[in-house]
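First the structure, in the form of structure tokens, and then the observations on it.
In our numbering, the protein residues as written are 434 to 681.
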């Protein structure tokens, strides 16, 4: 006698169920309304913002079945920026990185707008010369000016460069592409970001992320204009903070 087999739930339906469960778990800990969006990003695992009483979170799907202690750490980090919770979340992500979709650096770079040639400084040429001089051409990375950030208030800080280990892309703040910014200073910022390709972020003895280990800082001092570049930054930081960069 034939029996009707139960129909398996559709993947999208299961995802909705798990997402709602996660929302309830967070809601009880945050004691506020929660809306969760689940994604499959390869770099940023979680972001959040508060809109009045509502917490909006974008989380990698690895969090769907996270244990209670991780959900509690997530709530503590969202609510208070708790440092210990941040360490616990980093450990959870590290343990579950097998669930992060693998995309090659070349594939990731194809999605980015690469614009290394500025009006005053050619980042491509600077990168090539530094690569040959200090690294024997071994730095396999790309470089570009980053997009001009939208600034509505006076800046108190400026991130002059960044390096993505996933895409192997160095981004330089477009405020550095000015005639008043000397080439040796731009070279120093590029050199600093190239060192991030060599010395990867690691865990310190206290379990926290160490972005600039001692060997990184020692290597950075080998830059030919290290002292002069530092002095220029100290004397001209206000100039960079008040720079107005045209939106692309």
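C-beta atoms are modelled at their ideal positions from N, C-alpha and C, and glycine is treated no differently.
Exercise for review: Output the distance between the C-alpha atoms of residue 461 and residue 504, rounded to the nearest integer angstrom.
Suggested key: Each residue's alpha carbon lies about 10 angstroms from the other.
Exercise for review: Assuming residue 518 contacts residue 459 (C-beta within less than 8 angstroms), just tell me the rounded distance between them.
Suggested key: With a Cβ gap of about 13 angstroms, residue 518 and residue 459 do not count as contacting.
**Study point:** Inter-residue Cα distance where the pair is residue 621 and residue 514
**Key:** If you take the alpha carbons of residue 621 and residue 514, they lie about 32 angstroms apart.
Practice item. With a 10 Å radius around its C-beta and 16 neighbouring C-beta atoms as the bar for buried, classify residue 528 as buried or exposed. Key: Exposed: under 16 other Cβ atoms inside 10 Å.
Practice item. Kindly identify the DSSP beta-bridge partner or partners of residue 482. Key: Per DSSP, the beta bridge partners of residue 482 are 489.
Exercise for review: Would you identify the three-state DSSP class for residue 660, choosing helix, strand or coil?
Suggested key: Helix, per DSSP.
Review point. So, is residue 681 buried or exposed, given that buried needs 16 or more other C-beta atoms within 10 angstroms?
Key: With a pLDDT of 45 at residue 681, under the threshold of 50, the modelled position of that residue is not reliable, and the figure given next carries that caveat. Exposed is the label assigned to residue 681, since fewer than 16 other Cβ atoms lie within 10 Å of its Cβ.
Review point. Secondary structure at residue 594, three-state DSSP: helix, strand or coil?
Key: Strand at residue 594.
**Study point:** residue 496 versus 571, 662, 661 and 521, residue with shortest Cα-Cα distance
**Key:** Residue 496 has its Cα closest to that of 521, out of 571, 662, 661 and 521.
Exercise for review: Can you tell me which of the three DSSP states residue 458 falls into?
Suggested key: Note: residue 458 maps to helix in three-state DSSP.
Check your understanding: What's the C-alpha gap between residue 550 and residue 593?
Key -> Their Cα atoms are separated by approximately 16 angstroms.
Review point. Helix, strand or coil: how does DSSP classify residue 567 here?
Key: The answer is helix: DSSP assigns residue 567 an H, G or I state.
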